[in-house]
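Here my numbering is used: the sequence shown runs in plain steps of one and ends on residue 330.
The beta-carbon is built from N, C-alpha and C at its ideal position, and this holds for glycine as well.
In what follows, a single structure is set out as structure tokens and then discussed.
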Amino acid sequence: MKKMLLINGSARKEGSCSELSKMTSEKGAAHGYEVEIVHLDDLKIANCKGCLYCKEHGECQTKDDMIPLHKKVQDADVFGLVTPVYFGAESGLMKNFIDRLYALLDRIGPGQYSVRFGKPKKGIVAVSCGAPDGNMTYHGIMSHLVIILRMFGSADVVSGVIPGAAMTPVRESPFAKDLMDAVDFTLST
Ligand SMILES: Cc1cc2nc3c(=O)[nH]c(=O)nc-3n(C[C@H](O)[C@H](O)[C@H](O)COP(=O)(O)O)c2cc1C
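Below, the structure written as structure tokens:
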């Protein structure tokens, strides 16, 4: 069975990112994927130490809850990142997770890396923010996360910023609906 891995970078289980993760997982299930939503706040993931142990040994020296996630990322057919905007960037939980993916990069030359991403994937980026015009303002965050998913084997990435989280429940947001339509389409191809 094909696997969908969704990483939720919000600590709020009843928040908009959790809801976006659920909505995306429903699409995945409808397309026959085995879905796993990882709530990063449930895990103990230390920050990247920048020690470069992984460049010598091909694995991270910090043996915490990130280690099984490396394999889950490699095994995923669909890899999704769902994050709130915190001070104009992804959440700290999400950034910390991304930094720890560095262990999957092999240095093949000066400034050149090959990424052990495992299977080729489809990617999903869903960003939630409070600002009502955040879909205009936070394109950069979305693009940054899209580039990361491309590095990790997703040629095809669908993405969206869902603005005005405090004003419009995510299930009723036209921005979330557009993103879910795009998810539906990409999973059907
Ligand atoms: C620490 C913090 C920083 C935030 N910074 C921003 C911001 O820069 N821009 C914005 O539009 N919303 C900002 N917000 C609002 C959140 O992005 C918004 O409420 C989001 O929907 C929360 O997602 P959640 O419900 O999944 O936790 C911030 C919220 C917090 C807690």
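Q: Measure the alpha-carbon distance for Ala323 versus Gln253 and round it to whole angstroms.
A: As a first step, residue 323 is located in the sequence shown; it is residue number 182 there, counting from the start. As a first step, residue 253 is located in the sequence shown; it is residue number 112 there, counting from the start. So the alpha carbons of these two residues sit roughly 33 Å apart.
Q. So, helix, strand or coil for Asp205, using DSSP?
A. Numbered from its first residue, the sequence shown carries residue 205 at position 64. Secondary structure of Asp205 (DSSP, three-state): coil.
Q. Can you find a heavy atom of ligand 1 that lies under 8 Å from the Cβ of Ala306?
A. Translated into the one-based positions of the sequence shown, residue 306 becomes position 165. Short note on Ala306: C-beta closer than 8 Å to some heavy atom of ligand 1.
**Q.** Among Pro273, Met321, Phe258 and Leu286, nearest to Gly150 - alpha-carbon criterion
**A.** Translated into the one-based positions of the sequence shown, residue 150 becomes position 9. The candidate whose alpha carbon is nearest that of Gly150 is Leu286.
Q: Using three-state DSSP, classify Ala152 as helix, strand or coil.
A: Taking the sequence shown and counting its residues from 1, one reaches residue 152 at position 11. Three-state DSSP puts Ala152 in coil, outside helix and strand.
**Q.** In DSSP terms, what Tyr227 is bridged to
**A.** Here residue 227 is taken as the residue at index 86 of the sequence shown, counted from 1. According to DSSP, Tyr227 bridges with Ala230.
Q. By DSSP, does Ile178 sit in helix, in strand, or in coil?
A. Position 37 of the sequence shown, counting from 1, holds the residue named residue 178. Under the three-state reduction of DSSP, Ile178 is assigned to strand.
Q | Three-state secondary structure (DSSP) of Tyr194 | A | The residue labelled residue 194 in the question sits at position 53 within the sequence shown. DSSP places Tyr194 in helix when its eight states are reduced to three.
Q) On the three-pair Cβ rule with 8 Å, is the segment 172-188 touching the segment 198-217? A) yes
Q. Leaving out the 5 sequence neighbours to the left and right, which residues in its chain are closer than 6 Å to Cys201 when beta-carbon positions are compared?
A. One-based indexing of the sequence shown puts residue 201 at position 60. For Cys201, where only same-chain residues beyond five positions count, the Cβ hits under 6 Å are Cys195 and Ala244.
Q: Determine the extent of the beta strand (DSSP E) in which Asp247 is found, giving its start and end residues.
A: Taking the first residue of the sequence shown as 1, we reach residue 247 at position 106. Leu246 to Gly250 is the extent of the beta strand (DSSP E) around Asp247.
Q. Which of the three DSSP states, helix, strand or coil, is assigned to Ile303?
A. On the sequence shown, position 162 is the one that residue 303 refers to. In the structure shown, Ile303 sits in a strand (DSSP, three-state: E or B).
(Q) By DSSP's criteria, Leu146 is part of a beta bridge. Which residues make up the other side? (A) For the purposes of this step, residue 146 is identified with residue 5 of the sequence shown, where counting begins at 1. BP columns for Leu146 point to Glu177 and Phe220.
Q. Quick one: what's got a C-beta closer than 6 Å to Glu175's C-beta in the same chain, skipping five residues either side?
A. By 1-based counting over the sequence shown, the position of residue 175 is 34. Once the five neighbours on either side are set aside, the close Cβ partners of Glu175 are Met142 and Lys144.
Q) Going straight from the alpha carbon of Thr165 to that of Glu197, what length do you get? A) Here residue 165 corresponds to residue number 24 of the sequence shown, with the count starting at 1. Here residue 197 corresponds to residue number 56 of the sequence shown, with the count starting at 1. Take the alpha-carbon of Thr165 and the one of Glu197: they are about 37 Å apart.
**Q.** Nearest candidate by alpha-carbon position, reference Gly271, set Ala307, Arg248 and Asp247
**A.** In the sequence shown, counting from the first residue as 1, residue 271 sits at position 130. The candidate whose alpha carbon is nearest that of Gly271 is Ala307.
Q) So, Leu290 versus Phe220, is the Cβ gap smaller than 9 Å? A) Taking the first residue of the sequence shown as 1, we reach residue 290 at position 149. Taking the first residue of the sequence shown as 1, we reach residue 220 at position 79. A contact, by the Cβ cut-off of 9 Å.
Q.
Just to confirm my understanding: we take Lys190, look at its own chain, exclude 5 residues before and 5 after, and list those with CB closer than 8 Å. What are they?
A. Start at 1 with the first residue of the sequence shown, and residue 190 comes out as number 49. Here the set comprises Gln202 and Thr203.
Q: For the beta strand (DSSP E) holding Ile265, just list the boundary residues, first then last.
A: The residue given as residue 265 occupies position 124 in the sequence shown. Where Ile265 is concerned, the enclosing beta strand (DSSP E) stretches over Lys262 to Ser269.
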